[in-house]
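Q:
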Amino acid sequence: MKIDRGLLGTLAVAALGAACASAGGAGAGAGGGPRVTVQPPSVNCGGVPLATNAIADSAAGTLALIQTVADSAQPMQYALARQQAGRAIAAAPDNAYGYYLAGQAAIGTADYADADAQFRRAVELCPELGEYDVDRLRRGSAALSVERGSALIQAADTAGGIAAYQTALSLDPTNYPAEFYLGLVNFQRQNTDEAVRHWRRVVQIIDELPADTSAEVMEGRTETRGNTLNALVLASAQYLNRQQSAQAVELLAELTRLLPNNPEAWYNYALALNNLQRYNELVPVARRATEVAPLSYGAWILYYNAFAGQSQAATQAGQTAQAGELGRQARQVSQRSESLPVQLEGITIDVEAENTLVRGTAVGSGPTAPVQVEFTLHGADAELGRGTVTITPPARDQQSQFELTIPNAAPVLGVTYRVVGG
Numbered sequence: 024m025k026i027d028r029g030l031l032g033t034l035a036v037a038a039l040g041a042a043c044a045s046a047g048g049a050g051a052g053a054g055g056g057p058r059v060t061v062q063p064p065s066v067n068c069g070g071v072p073l074a075t076n077a078i079a080d081s082a083a084g085t086l087a088l089i090q091t092v093a094d095s096a097q098p099m100q101y102a103l104a105r106q107q108a109g110r111a112i113a114a115a116p117d118n119a120y121g122y123y124l125a126g127q128a129a130i131g132t133a134d135y136a137d138a139d140a141q142f143r144r145a146v147e148l149c150p151e152l153g154e155y156d157v158d159r160l161r162r163g164s165a166a167l168s169v170e171r172g173s174a175l176i177q178a179a180d181t182a183g184g185i186a187a188y189q190t191a192l193s194l195d196p197t198n199y200p201a202e203f204y205l206g207l208v209n210f211q212r213q214n215t216d217e218a219v220r221h222w223r224r225v226v227q228i229i230d231e232l233p234a235d236t237s238a239e240v241m242e243g244r245t246e247t248r249g250n251t252l253n254a255l256v257l258a259s260a261q262y263l264n265r266q267q268s269a270q271a272v273e274l275l276a277e278l279t280r281l282l283p284n285n286p287e288a289w290y291n292y293a294l295a296l297n298n299l300q301r302y303n304e305l306v307p308v309a310r311r312a313t314e315v316a317p318l319s320y321g322a323w324i325l326y327y328n329a330f331a332g333q334s335q336a337a338t339q340a341g342q343t344a345q346a347g348e349l350g351r352q353a354r355q356v357s358q359r360s361e362s363l364p365v366q367l368e369g370i371t372i373d374v375e376a377e378n379t380l381v382r383g384t385a386v387g388s389g390p391t392a393p394v395q396v397e398f399t400l401h402g403a404d405a406e407l408g409r410g411t412v413t414i415t416p417p418a419r420d421q422q423s424q425f426e427l428t429i430p431n432a433a434p435v436l437g438v439t440y441r442v443v444g445g
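Numbering (the working numbering), first residue to last: 24 to 445.
(1) In angstroms, rounded to a whole number, what distance separates the CA positions of Leu318 and Pro416?
(2) Since Gly387 sits in a beta bridge, which residues does DSSP pair it with?
(3) Please classify Gln227 as buried or exposed, where buried requires at least 16 other C-beta atoms within 10 Å of its C-beta.
(4) So, is Thr313 buried or exposed, given that buried needs 16 or more other C-beta atoms within 10 angstroms?
(5) Can you tell me which of Ile89, Gly70, Pro64, Thr428 puts its alpha carbon nearest to the alpha carbon of Val374?
(6) Rounded to whole angstroms, what is the Cα-Cα separation between Ala238 and Leu275?
(7) Could you tell me whether any non-hydrogen atom of the ligand FAD is closer than 6 Å to the CB of Asn67?
(8) My assumption, with CB atoms under 8 Å, is that Gln300 sits in contact with Gly341. Please give the rounded CB distance.
(9) Looking only at C-alpha atoms, which of Ile229, Ala309, Tyr188 sits nearest to Asn209?
(10) Just confirm the distance between the C-beta atoms of Asn447 and Tyr292, as a whole number of angstroms; I'd bet it's less than 8 Å.
(11) Please state the DSSP three-state secondary structure of Gly350.
(12) Starting from the Cα of Thr75, find the closest Cα among Ala405, Gln107, Ile89, Ala182 and give me that residue.
(13) Are there 16 or more other CB atoms within 10 angstroms of the CB of Asp230, so buried, or fewer, so exposed?
(14) Kindly identify the DSSP beta-bridge partner or partners of His22.
(15) Compute the Euclidean distance between the alpha carbons of Gly9 and Val157, then round it to the nearest angstrom.
(16) Got a sec, what are the start and stop residues for the alpha helix (DSSP H) Thr313 sits in?
(17) Can you have a look at Gly47 and say buried or exposed, based on whether 16 or more other CB atoms are within 10 angstroms of its CB?
(18) For Val386 versus Gly445, is the C-beta spacing smaller than 7 Å?
(19) Please report the straight-line C-alpha distance between Pro150 and Glu170, rounded to a whole angstrom.
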């Protein structure tokens, strides 16, 4: 999530897109300072060239000269330019140029909501200004508003932070960092529906953006998309904790398509279906949960429930033969769950520098012979790396910790494993 920190630094010339020339001498004008003549943008508004006036020229000149004054004096100069642009608007309310200048001055005063309003009106009066420069300025302003929002959140001003993120989205509806942070705030407030809405929008925006020539930009998008998908898995758990299994199922049906190798997504999906007693749908979902995490006792129990629940329903319906077959399948699954050499729980990953650290808890199930387990890290489109760890099971129902390091610095969207020896 990169911020365009150079926006204000280039505002004087690049943002104006104008030619600035000395008026000749430093003696003329108020305060004896230099004056400049700034040509208005070379655009036609409805077939008519964009017009200027003396008041607008003053605002444009102030903006063009801001980089010539000390940093400490620049806020005052931006405020002056905003006042001058306001007078230009009052003198010619149907002239887009005044709003265009007011929007730029508002960026300098960090009033991004004002910049949004001024740029919006400028483009309403002269749509050609959008492509000419306003669209770029709005994107840059949105990035700055996100930066401000994050600073306000850090300062415990949550309301101010939310307002700044919302302003960013008003300036640039494709600003996915603002959507991400709004989702995070709502998640922390237990507003799961809103968190999911914002995070889904992040994924949609990134997927619809055209490819960028910058490798850094593309890497940032990939990282944000991965973080957002993982956040949505956490949102599914929040649904489950609040007994909202129907909402969890709807979300996880989508997530398991996007994250086919994420054990937590498959387990949560199976748990939600089990809670709703949708046992027929549970069979393939729970099966997949045991495939990506074959030593998860909880996944095997859900797989067992898929058949046992259907068997019970068939018995109640008088379908004796079907109930018997489903009961047989349930017993087979139960036998497999009870024969696990060790149970693995609480698997977490941490990407640190060039490595990914995998940690987890081993729970004894009876056997104590060492077990070799191979872990595979998965990204969006391919495997990221593999590593093997030897786990010595503790005594029955006792726990021990394990960890292994796998070379990888890319975003991880899932970690699966399989028993390879023991």
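The beta-carbon is built from N, C-alpha and C at its ideal position, and this holds for glycine as well.
A: With the given structure in hand:
(1) Here residue 318 is taken as the residue at index 295 of the sequence shown, counted from 1. Here residue 416 is taken as the residue at index 393 of the sequence shown, counted from 1. Their backbone Cα atoms lie some 12 Å apart in a straight line.
(2) Within the sequence shown, the letter at position 364 stands for residue 387. BP columns for Gly387 point to Arg419.
(3) Numbered from 1 along the sequence shown, position 204 holds the residue referred to as residue 227. Looking at its Cβ environment, which holds fewer than 16 other Cβ atoms inside 10 Å, Gln227 is exposed.
(4) Mapped onto the sequence shown, residue 313 falls at position 290. Buried, by the Cβ-count rule.
(5) Reading the sequence shown from its first residue, position 351 is the one you call residue 374. The candidate whose alpha carbon is nearest that of Val374 is Thr428.
(6) Indexing the sequence shown from 1 puts residue 238 at position 215. Indexing the sequence shown from 1 puts residue 275 at position 252. Going by the C-alpha atoms only, they are around 31 Å apart.
(7) For the ligand FAD, the structure offers nothing, since it holds no ligand at all.
(8) Taking the first residue of the sequence shown as 1, we reach residue 300 at position 277. Taking the first residue of the sequence shown as 1, we reach residue 341 at position 318. Contact check for Gln300 and Gly341: beta-carbon distance about 19 Å, past the 8 Å limit, so the pair fails to qualify.
(9) On the sequence shown, position 186 is the one that residue 209 refers to. It is Tyr188.
(10) This structure cannot settle anything about residue 447, because the visible part of the chain is limited to 24 through 445.
(11) As a working note, residue 350 is residue 327 in the sequence shown. It is helical.
(12) The residue labelled residue 75 in the question sits at position 52 within the sequence shown. Nearest C-alpha to Thr75: Gln107.
(13) If you number the sequence shown from 1, residue 230 lands on position 207. Its Cβ having fewer than 16 others within 10 Å, Asp230 is exposed.
(14) Outside the displayed span of the chain (24 to 445) sits residue 22, for which this structure offers no information.
(15) With the chain running from 24 to 445 in the structure shown, residue 9 is simply not present.
(16) Position 290 of the sequence shown, counted from the first residue, corresponds to residue 313. Residues 302 to 315.
(17) Taking the first residue of the sequence shown as 1, we reach residue 47 at position 24. Residue placement at Gly47 is flagged as unreliable, the pLDDT there being 33, under the threshold of 50; the coordinate-derived value follows with that caveat. Its Cβ having fewer than 16 others within 10 Å, Gly47 is exposed.
(18) Here residue 386 refers to the residue found at position 363 when the sequence shown is read from its first residue. Here residue 445 refers to the residue found at position 422 when the sequence shown is read from its first residue. No. Outside cutoff.
(19) The count along the sequence shown starts at 1 and reaches residue 150 at position 127. The count along the sequence shown starts at 1 and reaches residue 170 at position 147. Near 28 Å, if we compare the C-alpha coordinates of Glu170 and Pro150.
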